[in-house]
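Per our numbering, the very first residue in the sequence shown carries number 46; after that it's consecutive.
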Amino acid sequence: MTELEQVAAAFDSKDYRTAAQLLKTLLQRMPENPWVQLYLGRMHEVSGKLEAAETVYRQLLRNSLHPKVATQARQGIQRVEAIVKAQRQQAIAEATADPANTELGFLMLAPVTGEARNVAAQNFARIMKLDAYTARMQLPSRSWQLYRTGPIGELQVYGQELRNAQIPVYWAGLAEIEKLRVFRVLHFQSVAPQITVVCHNEFDQVGSLTFEWSEVTRRVEGLLPIFGDVIDQGAWGKLQWKEQTQDYAHVWDLHIPGRQSILRFCDSNYLFQEDAAIADQVTPQTTTRINWNHLIAFLNQKLPNLETWSDFTGFAETTADHIPPLSRIKPQIDIERKAETHWDPAFQLYSALVFLQSS
46 MTELEQVAAA FDSKDYRTAA QLLKTLLQRM PENPWVQLYL GRMHEVSGKL EAAETVYRQL
106 LRNSLHPKVA TQARQGIQRV EAIVKAQRQQ AIAEATADPA NTELGFLMLA PVTGEARNVA
166 AQNFARIMKL DAYTARMQLP SRSWQLYRTG PIGELQVYGQ ELRNAQIPVY WAGLAEIEKL
226 RVFRVLHFQS VAPQITVVCH NEFDQVGSLT FEWSEVTRRV EGLLPIFGDV IDQGAWGKLQ
286 WKEQTQDYAH VWDLHIPGRQ SILRFCDSNY LFQEDAAIAD QVTPQTTTRI NWNHLIAFLN
346 QKLPNLETWS DFTGFAETTA DHIPPLSRIK PQIDIERKAE THWDPAFQLY SALVFLQSS
């Protein structure tokens with residue numbers, strides 16, 4: 046009996062210790078032999094190193110000219126995929142057995158660039174069962190991407206698999222997002238000796254909040270489109286009403302993690318005339334844009350070198366395919382609109398995800 050036959054017999058009898066010893070010798074003597082590589086993949090498989098096993102099997106399937114080796118490599122891939130699928134289903138079943146893990150959740154992918162992108166795309170394709178081209182197209186390179194929604198327990202399982210494969214991913218449940226307190230600032234009541242803002246809370250109650258600049262750890266910026274109807278010339282010269290972006294609302298969030306709170310500034314509802322921070326710069330003649338620029342200059346002066354997140358637009362564009370679950374998020378934004386838009390809850394989600402993944 047040859048050494049290769051001895052290895053095969055050891056695997057057939059599930060004598061994996063003997064198989065490992067024989068395989069170690071064969072790998073030293075003939076590492077490129079396709080049968081040796083096949084048994085290496087098998088050893089990875091029975092040892093629970095499923096990713097390594099699949100890698101070996103796929104290399105054999107691509108490179109081996111031996112029909113029997115290719116057939117067994119293909120069968121090995123099928124076994125590994127079946128094991129991974131069963132493990133994932135079991136993990137999801139265990140996770141969602143807890144009612145708290147059946148609530149709505151959101152899973153977001155962070156950009157992957159440079160040399161890491163090739164490996165990440167391969168792992169992404171393997172985990173999400175995509176072809177290589179689709180995986181590269183779906184893996185973001187510039188902005189965060191809302192990739193999947195569903196039961197938070199299920200998203201945690203996928204998220205952990207992706208994270209283990211060095212793919213940057215974050216997830217959060219709706220309940221976790223709703224725990225964050227968002228205060229919609231109307232104006233600064235005082236800036237010295239105490240810093241106090243007048244604001245609406247999540248229940249639309251007006252009150253005041255006093256804080257220190259040192260409590261603020263980051264800011265999140267966004268532009269929210271303001272839509273309007275215009276007359277447009279359609280087919281055959283027929284005039285028709287068409288919705289288009291006419292302006293943008295500027296939104297700034299200041300995160301105060303020590304209080305699990307967000308201070309939200311929006312130029313659409315800000316009371317510049319009553320603001321203590323820029324009172325000497327506001328006149329009845331100054332425009333909202335000029336007043337907003339004065340306010341931002343004041344905040345930048347008080348909060349220099351603050352960690353800033355400003356790629357909201359790219360993220361928001363990826364949320365259009367998730368409007369039903371997104372609509373369950375309360376936007377906490379005061380913009381007068383004729384109809385609801387996914388842009389408002391998208392900003393709330395974006396800011397909340399930044400808050401939660403950074404805390």
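Every residue, glycine too, gets a C-beta built ideally from N, C-alpha and C.
Cβ shell of residue i (< 7 Å), same chain only, five flanking positions each side left out
i, result
"A217", "G150, F151, A397, L398 and L401"
"T332", "none"
N-terminal and C-terminal residue of the alpha helix (DSSP H) that residue i is part of
i, result
"E221", "L219 to K224"
"G121", "P112 to T141"
"S403", "W388 to S403"
"T331", "Counting along the chain, T331 falls outside any alpha helix (DSSP H), and DSSP gives it neither H nor E."
"H367", "Element bounds for H367: n/a, residue is neither H nor E."
"A405", "For the chain, the structure presents residues 46 to 404; residue 405 sits outside this window and is missing."
"V157", "V157 -> no alpha helix (DSSP H), and no H or E assigned at all."
"A97", "L95 to N108"
"M88", "P79 to V91"
"M182", "A177 to Q183"
"Q73", "Y61 to R74"
Continuous beta strand (DSSP E) stretch holding residue i: start and end
i, result
"Q190", "Q190 to P196"
"I307", "S306 to C311"
"T241", "I240 to H245"
"T255", "V251 to F256"
Sheet register partners of residue i (DSSP bridge)
i, result
"L152", "R193 and W216"
"T353", "R264"
"A210", "Note: A210 sits in no beta bridge, so no partner."
"D293", "The question names Asp, but residue 293 is Tyr in the sequence shown. In DSSP, Y293 forms a bridge with P270."
Buried or exposed by the 16-neighbour rule on C-beta atoms within 10 Å, applied to residue i
i, result
"V265", "buried"
"P329", "exposed"
"V227", "buried"
"A484", "Summary: the structure shown does not reach residue 484, with the chain confined to residues 46 through 404, and so no result is reported for it."
"T364", "buried"
"I368", "exposed"
"E257", "exposed"
"L200", "buried"
Sequence-distant residues of its chain with Cβ nearer than 8 Å to residue i (five each side left out)
i, result
"R124", "E90"
"V251", "L231, V243, C244 and H245"
"W388", "L269, P270 and A361"
"R119", "Y102 and L106"
Same chain, Cβ closer than 6 Å to residue i, neighbours up to 5 away in sequence not counted
i, result
"P196", "T141 and T147"
"A166", "A180, R181 and L184"
"P156", "P185, S186 and R187"
"L49", "W80"
Subject >> Touching by the beta-carbon criterion (3+ pairs, under 8 Å), the stretch 49 to 60 and the stretch 73 to 84 >> reply: yes
Original post:
Touch check for the stretch 108 to 125 and the stretch 192 to 206: three-plus C-beta pairs under 8 Å?
Top reply: no
Original post:
Would you say the stretch 298 to 307 touches the stretch 316 to 327, given that touching needs at least three Cβ pairs under 8 Å?
Top reply: no
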